[in-house]
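*Asks:*
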Amino acid sequence: MNRLQKKACIELAAVTFCMAGTGAALAVLVRLNASGLGKPMIGLIVSLPVALFGYLHHLSEQKKFDEREKQIAQKAFVLSTYAFVTLIGCSAFILFFMVGGAGRVPVYTLPAIFVGGIFVAQFTQSAAILIQFAREQADE
0 MNRLQKKACI
10 ELAAVTFCMA
20 GTGAALAVLV
30 RLNASGLGKP
40 MIGLIVSLPV
50 ALFGYLHHLS
60 EQKKFDEREK
70 QIAQKAFVLS
80 TYAFVTLIGC
90 SAFILFFMVG
100 GAGRVPVYTL
110 PAIFVGGIFV
120 AQFTQSAAIL
130 IQFAREQADE
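Following numbering that gives the first Met the number 0, the numbering of the sequence shown begins with 0 at its first residue and continues without gaps.
1. Count the CB pairs spanning the region 113-131 and the region 0-12 that are closer than 8 Å, and state whether there are at least three.
2. So, with DSSP's three-state summary, where would you put residue 34?
3. Would residue 74 and residue 131 be called neighbours here (beta carbons separated by less than 8 Å)?
4. Return the chain-ordered list of same chain residues with a C-beta closer than 8 Å to the C-beta of residue 69, the five sequence neighbours on each side being excluded.
5. Applying the 10 Å Cβ sphere with the 16-neighbour rule, what's the burial state of residue 86?
6. Using 10 angstroms around the beta-carbon of residue 16, count the other beta-carbons present and answer buried if the total reaches 16, otherwise exposed.
7. When the Cβ atoms of the region 95-111 are set against those of the region 19-31, are three or more pairs found closer than 8 Å?
8. What's the C-alpha gap between residue 102 and residue 96?
9. Count the other CB atoms, across all protein chains shown, that sit within 10 Å of the CB of residue 79; report buried if there are 16 or more and exposed otherwise.
10. Are there 16 or more other CB atoms within 10 angstroms of the CB of residue 52, so buried, or fewer, so exposed?
11. Nearest to residue 22 by CA position, among 114, 120, 13 and 136, is which residue?
12. For residue 118 versus residue 14, is the C-beta distance shorter than 8 Å?
13. Helix, strand or coil, according to DSSP, for residue 101 in the structure here?
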């Protein structure tokens, strides 16, 4: 297993773990009927350094990949973007037609759909990377 395949497996495991934590946090916030900007600001303050570290680590990892791995990663990113946009679009229209134009949707469904979209996008990206490598190894 090369670096990109390991990275795909680690990212999939990490996003699965984060989705469980995010789902639990969202459930708690819904239960507490959270409103205002205090709790999102705390989350933003905590997440910014983590996001910066992740981005810098991503840049250092990208330099280690060869051209073939970069091409595979690019194709996987495009597929994950398609999956994310498709899920968000389909969810919006499904909600619209199920609830109706004058109906009301619970507000917690919006972040739940967004978080679900992130999970689907990461799953698609990791699966695309692993499938592309499997196809290449099968051809050899």
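Heads up, the beta-carbon is just placed ideally off N, CA and C, and yes, glycines get one too.
*Replies:* From the atom records:
1. yes
2. Numbered from 1 along the sequence shown, position 35 holds the residue referred to as residue 34. Residue state, collapsed to three classes: coil.
3. As a working note, residue 74 is residue 75 in the sequence shown. As a working note, residue 131 is residue 132 in the sequence shown. In this structure, residue 131 lies closer than 8 Å to residue 74 by Cβ.
4. For the purposes of this step, residue 69 is taken as the residue at position 70 of the sequence shown. Around residue 69: 61.
5. Residue numbering aside, residue 86 sits at position 87 when the sequence shown is read from its first letter. Flag for residue 86 reads buried.
6. In the sequence shown, counting from the first residue as 1, residue 16 sits at position 17. Exposed.
7. yes
8. Your numbering for residue 102 matches position 103 in the sequence shown. Your numbering for residue 96 matches position 97 in the sequence shown. Roughly 10 Å separates the two Cα atoms.
9. Locating residue 79 in the sequence shown gives position 80, counting from the first residue. Buried, by the Cβ-count rule.
10. In the sequence shown, residue 52 corresponds to position 53, counting from 1. The residue is exposed, with fewer than 16 neighbouring Cβ atoms inside 10 Å.
11. By one-based count along the sequence shown, residue 22 stands at place 23. When only C-alpha atoms are compared, the closest one is 114.
12. Residue numbering aside, residue 118 sits at position 119 when the sequence shown is read from its first letter. Residue numbering aside, residue 14 sits at position 15 when the sequence shown is read from its first letter. Closer than 8 Å, so yes.
13. The residue you call residue 101 lines up with position 102 of the sequence shown. Of the three classes helix, strand and coil, the one that applies to residue 101 here is coil, per DSSP.
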